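Peer 1: One line per chain: the protein sequences are A and B, in this order. Just so you know, the numbering used here puts 167 at position 150 of the first sequence, and the rest follows in order with no gaps. Just so you know, the numbering used here puts 53 at position 36 of the second sequence, and the rest follows in order with no gaps. Virtual Cβ for every residue (Gly too), placed ideally from N, Cα, C. No experiment lies behind these values; they were computed from the predicted model shown.
2 protein chains.
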Amino acid sequence: MPTYPRSAQPALIVGSVAIDRIATTHGQSGNILGGAATYAAIAASYFTPAQVVGVVGKDFPKPFITKLIKHGVDLEGLQIDPKGKTFFWSGRYGANFDHCENLITDLNVFQTFSPVIPAAYKKTKFVMLGAITPALQLKVIDQVSRNAFVLADTRGLWIDVAKKDLLRLLPKVDLFVLNEGEAESLANEKNLILAGQKIRKMGPKIVIIKKGSHGSLLFHPEGFFAIPAYPVAKVIDPTGAGDSYAGALIGYLASVNKTDFKSLKTAIGYATACSSLTVESFGTTRLSAAGRKEVDIRFKILKAVTSL
Amino acid sequence: MPTYPRSAQPALIVGSVAIDRIATTHGQSGNILGGAATYAAIAASYFTPAQVVGVVGKDFPKPFITKLIKHGVDLEGLQIDPKGKTFFWSGRYGANFDHCENLITDLNVFQTFSPVIPAAYKKTKFVMLGAITPALQLKVIDQVSRNAFVLADTRGLWIDVAKKDLLRLLPKVDLFVLNEGEAESLANEKNLILAGQKIRKMGPKIVIIKKGSHGSLLFHPEGFFAIPAYPVAKVIDPTGAGDSYAGALIGYLASVNKTDFKSLKTAIGYATACSSLTVESFGTTRLSAAGRKEVDIRFKILKAVTSL
């Protein structure tokens, strides 16, 4: 079990918990632990105690539970539906990972998932909303403390089919995390500097635009920050990179119990480090094996190779 | 006339000098000063005395000469062909500058350009080869000092149609500068970390991969360095951004008379600053008007917004 600093607040993570089966040009995984909340919780667990709200079926393998518990993840909020099967996703990435073909998407128990926040989590001060529908994200916000710091992730799909809900959500979000394509589409603006500024005006106090191998951009009331990606020579499987990124963000912020500009920059450094670990193996294997020590080493290397 | 530090060595720049006419969604330029050597010389002039080798025709406007002289650029190597016209280029950029349509390319006197290095430049220790053909770049290397530090720029076209010459050139180059697409194509590798390493094995001691609005990557014998772009909210005309970048690189290195890792990182900071100024106007207007003071301010801002 990890140990945490005295300032550490728990981080509540709401999102999918899944079984994945992934093919890339490097090979084929078995049925492995997947889902946004899973990657995020493991990343967050390097900084602070993580609480997960999600749903799985009766088929969810015991070793997957054991892995999360090993990371100190609190699973009181993980509903186990004895009548259904776990969300199953299978995909095949093309060369260079610029395309992913969905082979199987069986939502199963996730189809009707409605997040219920356990009483013990209702006062949690740092909350991450995985990329569930904006309507469900709003439902979570209604159940947590008004003073909670809320990070929301999103999907390009919600910008297309649930924009109204998304625009209702944004003013209730403290930190909105989205990728380059999503930012361009939401802001209708190709210049990412302008897109970030525009999205902040839609409500979120802080916006982060993720650019994959090109790093990320931070738009914070106290200033702007840009950081390259950690130099990864061999990507094995990009699944969960964004979820690990968001999980490390909320985990670090919760661990220092701060959300100022300097803390956000450090959080982005750790988020970059964690996502670089995730892509170096199928699933959560590499991230989970790394340990805080290796995360710290990556942070230091990242700082060194980006220091002008 | 600018003043330079005592360490400052002149920088020799070989490449096109042209008259451009550019259309973007922001408007249409008149016939303006263009060409790789022009942008590079103006950028270099902020750090060290620049020497230009190129060719123009009898129609080359006096005010363009005056502008270069104002920047202290030594034009002894600028051939004026009384029988021909200056290289004329006209292009139209699409929305977001992801495409540029060539409207007119009249090579004119540039068609038969063969660089002749004046005796006074033959001992110049810092040389930039603009993206002329690799065969011509080799011709310049034969005329300059064996101890010169040689920076070479390139074009995607040479990778396609002059690869043999390019591969002969690379071992004679100290610093090879190319963009993302060119790096992928030359190394046959989509991962830019691996591509940079692979290209260094083709000969150049140092490689820089430019990624436009995503910044640049440095592969140096002493280490790796990554830097985001300067945050530009309004791009008016991207023409010459790469040339200004390379010019500032060679100019800064010549000014400190060093090529170690730390100096390269600082040079990249200045290169990033200069190219960010270039894109904020048509042609050289913004870069030329900026002055060293504004370049320094951009460098400081860049350092601040990228400091983890």
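1) Enumerate in chain order the residues of its own chain whose CB-to-CB distance from I223 of chain A is below 8 Å, with the five nearest sequence positions on each side excluded.
2) Identify the residues that DSSP records as bridge partners of N227 of chain B: which are they?
3) For a cutoff of 8 Å on Cβ pairs, would you count T323 of chain B as touching chain A?
4) Terminal residues of the continuous alpha helix (DSSP H) containing R172 of chain B?
5) Tell me the rounded alpha-carbon separation between Q160 of chain A and I134 of chain A.
6) So G147 of chain B is in the beta strand (DSSP E); what residue range does that whole segment cover?
7) If the cut is a Cβ gap below 8 Å, which residues of chain A does L319 of chain B touch?
8) Kindly list, in the order they appear in chain B, the residues whose Cβ is closer than 8 Å to that of N48 of chain A.
9) Drop a sphere of 10 angstroms on the beta-carbon of R163 of chain B, count the other beta-carbons inside from all chains shown, and report buried for 16 or more, exposed for fewer.
10) In three-state DSSP terms, what is F114 of chain A?
11) Could you check the C-alpha separation between K215 of chain A and E199 of chain A for me, to the nearest Å?
12) Can you grab the Cα-Cα spacing for the pair K84 of chain A / A25 of chain A, in whole Å?
13) In chain B, which residues lie with their C-beta within 9 Å of the C-beta of P238 of chain A?
14) Would you say I216 of chain A reaches chain B, if we count a Cβ-Cβ gap shorter than 8 Å as a contact?
15) Count the CB pairs spanning the stretch 254-264 of chain A and the stretch 51-71 of chain A that are closer than 8 Å, and state whether there are at least three.
16) Contact between the stretch 66-83 of chain B and the stretch 27-39 of chain B: three or more CB pairs below 8 Å?
17) Measure the C-alpha to C-alpha separation of F114 of chain B and S233 of chain A and round it to an integer number of angstroms.
18) Does any CB atom of chain D fall closer than 8 Å to the CB of N208 of chain A?
19) Using a C-beta to C-beta distance shorter than 8 Å, which residues of chain B count as neighbours of N164 of chain A?
20) Counting C-beta neighbours from all protein chains within 10 Å, is the total for E201 of chain B 16 or more, i.e. buried, or is it exposed?
21) Pop quiz: K189 of chain B and I158 of chain B are said to be a contact at Cβ under 8 Å. What is the actual Cβ separation, rounded to whole angstroms?
22) Using a C-beta to C-beta distance shorter than 9 Å, which residues of chain A count as neighbours of V249 of chain B?
23) Listed from N- to C-terminal order along the chain, which residues in the stretch 283-296 of chain A have their beta-carbon within a distance smaller than 7 Å of any beta-carbon of chain B?
24) Based on the DSSP output, what are the partners of V190 of chain B in its beta bridges?
25) Are the C-beta atoms of N205 of chain B and some chain A residue less than 8 Å apart?
26) Excluding the 5 residues preceding and the 5 following R109 of chain A in the sequence, name in chain order all residues of the same chain whose CB lies nearer than 8 Å to its CB.
27) For Y21 of chain B versus S305 of chain B, is the C-beta spacing smaller than 8 Å?
28) Do P245 of chain A and A243 of chain B have their beta-carbon atoms positioned less than 8 Å apart in this structure?
29) Look up N119 of chain B in the DSSP assignment and give the residues it is bridged to.
30) Express the C-alpha separation of V252 of chain A and T171 of chain B in angstroms, rounding to a whole number.
31) Excluding five sequence neighbours on each side, which residues of the same chain lie with their C-beta closer than 6 Å to the C-beta of Y269 of chain A?
32) Helix, strand or coil for V71 of chain B per DSSP?
33) Here's the rule: buried if 16 or more other CB atoms are within 10 angstroms of the residue's CB, otherwise exposed. What is H88 of chain A?
34) Let me see if you follow: with CB-CB separation under 8 Å, is I244 of chain A close to chain B or not?
35) Going along chain B, which residues have a C-beta under 9 Å from K279 of chain A?
Peer 2: Short version:
1) Here residue 223 of chain A corresponds to residue number 206 of the first sequence, with the count starting at 1. Close CB contacts of I223 of chain A within its chain, under the 8 Å cut and outside five residues either way in sequence, are with D191, L192, F193, R217, L235, F236, H237, P238, T276 and L281 (chain order).
2) Against the second sequence, residue 227 of chain B aligns to sequence position 210. Residue identity differs from the one stated: residue 227 of chain B is Lys in this sequence, not Asn. Answer is B:N196 and B:S233, bridged to K227 of chain B.
3) Counting from 1 along the second sequence, the entry for residue 323 of chain B is found at position 306. Output row for T323 of chain B: interface = yes.
4) If you number the second sequence from 1, residue 172 of chain B lands on position 155. Run containing R172 of chain B: none; DSSP gives neither H nor E here.
5) Position 143 of the first sequence, counting from 1, holds the residue named residue 160 of chain A. Position 117 of the first sequence, counting from 1, holds the residue named residue 134 of chain A. Rounded to whole angstroms, the separation of the alpha carbons of I134 of chain A and Q160 of chain A is 7 Å.
6) Walking along the second sequence from the start, residue 147 of chain B turns up at place 130. Looking at the DSSP string, G147 of chain B is not in any beta strand (DSSP E), and its letter there is neither H nor E.
7) The residue given as residue 319 of chain B occupies position 302 in the second sequence. Residues of chain A passing the Cβ test: L325.
8) Within the first sequence, the letter at position 31 stands for residue 48 of chain A. Within 8 Å Cβ-Cβ: nothing; N48 of chain A doesn't reach chain B, min ~28 Å.
9) Numbered from 1 along the second sequence, position 146 holds the residue referred to as residue 163 of chain B. It counts as exposed.
10) Within the first sequence, the letter at position 97 stands for residue 114 of chain A. Reduced to three states, the DSSP call for F114 of chain A is helix.
11) For the purposes of this step, residue 215 of chain A is taken as residue 198 along the first sequence, with counting starting at 1. For the purposes of this step, residue 199 of chain A is taken as residue 182 along the first sequence, with counting starting at 1. The straight-line gap from Cα to Cα measures roughly 13 Å.
12) In the first sequence, the residue the question calls residue 84 of chain A occupies position 67. In the first sequence, the residue the question calls residue 25 of chain A occupies position 8. Answer to the nearest angstrom: the Cα atoms are 22 Å apart.
13) Taking the first residue of the first sequence as position 1, residue 238 of chain A is located at position 221. Ordered by position in chain B, no residue passes the 9 Å Cβ test against P238 of chain A, which lies about 15 Å from the chain.
14) Along the first sequence, read from residue 1 onward, the residue named residue 216 of chain A stands at position 199. No, no contact with chain B.
15) Contact holds between the stretch 254-264 of chain A and the stretch 51-71 of chain A, because three or more Cβ pairs, one in each stretch, are under 8 Å apart.
16) Touching, yes, given that three or more Cβ pairs across the two stretches are closer than 8 Å.
17) What you label residue 114 of chain B is simply residue 97 of the second sequence in a count that begins at 1. What you label residue 233 of chain A is simply residue 216 of the first sequence in a count that begins at 1. The alpha-carbon atoms of F114 of chain B and S233 of chain A are separated by roughly 21 Å.
18) In the structure shown, chain D does not exist; the protein chains are A and B.
19) Translated into positions along the first sequence, residue 164 of chain A becomes position 147. By Cβ distance, chain B contributes nothing, its closest Cβ being about 29 Å from N164 of chain A, past 8 Å.
20) Within the second sequence, the letter at position 184 stands for residue 201 of chain B. Result: buried.
21) As a first step, residue 189 of chain B must be located in the second sequence, where it is residue number 172. As a first step, residue 158 of chain B must be located in the second sequence, where it is residue number 141. At roughly 5 Å, the Cβ-Cβ gap stays under 8 Å, so K189 of chain B and I158 of chain B are in contact.
22) Against the second sequence, residue 249 of chain B aligns to sequence position 232. Neighbourhood of V249 of chain B in chain A, by CB distance below 9 Å: N208 and I210, in chain order.
23) For the stretch 283-296 of chain A, the residues whose beta carbon sits under 7 Å from a beta carbon of chain B are, in order, G286.
24) As a position in the second sequence, residue 190 of chain B is number 173, starting the count at 1. Paired residue(s): none; V190 of chain B is not in a bridge.
25) Taking the second sequence and counting its residues from 1, the one referred to as residue 205 of chain B is at position 188. In terms of beta-carbon proximity, N205 of chain B stays away from the interface with chain A, with every pair separated by 8 Å or more.
26) For the purposes of this step, residue 109 of chain A is identified with residue 92 of the first sequence, where counting begins at 1. So the list reads I39, A40, T41, C117, E118 and L120, once near-sequence residues are dropped.
27) The sequence position of residue 21 of chain B within the second sequence is 4, counting from 1. The sequence position of residue 305 of chain B within the second sequence is 288, counting from 1. It is not a contact, given that the beta carbons lie outside the stated cut-off.
28) Against the second sequence, residue 243 of chain B aligns to sequence position 226. Against the first sequence, residue 245 of chain A aligns to sequence position 228. Result yes, Cβ atoms of A243 of chain B and P245 of chain A sit closer than 8 Å.
29) Locating residue 119 of chain B in the second sequence gives position 102, counting from the first residue. Note: N119 of chain B sits in a beta bridge opposite B:G108.
30) By 1-based counting over the second sequence, the position of residue 171 of chain B is 154. By 1-based counting over the first sequence, the position of residue 252 of chain A is 235. Their Cα atoms are separated by approximately 28 Å.
31) Numbered from 1 along the first sequence, position 252 holds the residue referred to as residue 269 of chain A. Excluding residues within five positions, the ones whose Cβ falls inside 6 Å are F64, A284 and Y287.
32) Sequence index remark: in the second sequence, residue 71 of chain B carries index 54 (1-based). One point to set straight first is that residue 71 of chain B is Gly, not Val, in the sequence displayed. Three-state result, G71 of chain B: strand.
33) Locating residue 88 of chain A in the first sequence gives position 71, counting from the first residue. H88 of chain A is classed as buried because its beta carbon has at least 16 other beta carbons within 10 Å across all chains shown.
34) In the first sequence, residue 244 of chain A corresponds to position 227, counting from 1. For I244 of chain A, the nearest CB of chain B lies under 8 Å from its own CB, placing it at the interface with that chain.
35) Numbered from its first residue, the first sequence carries residue 279 of chain A at position 262. Contact of K279 of chain A with chain B by beta-carbon distance below 9 Å is absent, the smallest such distance being about 10 Å.
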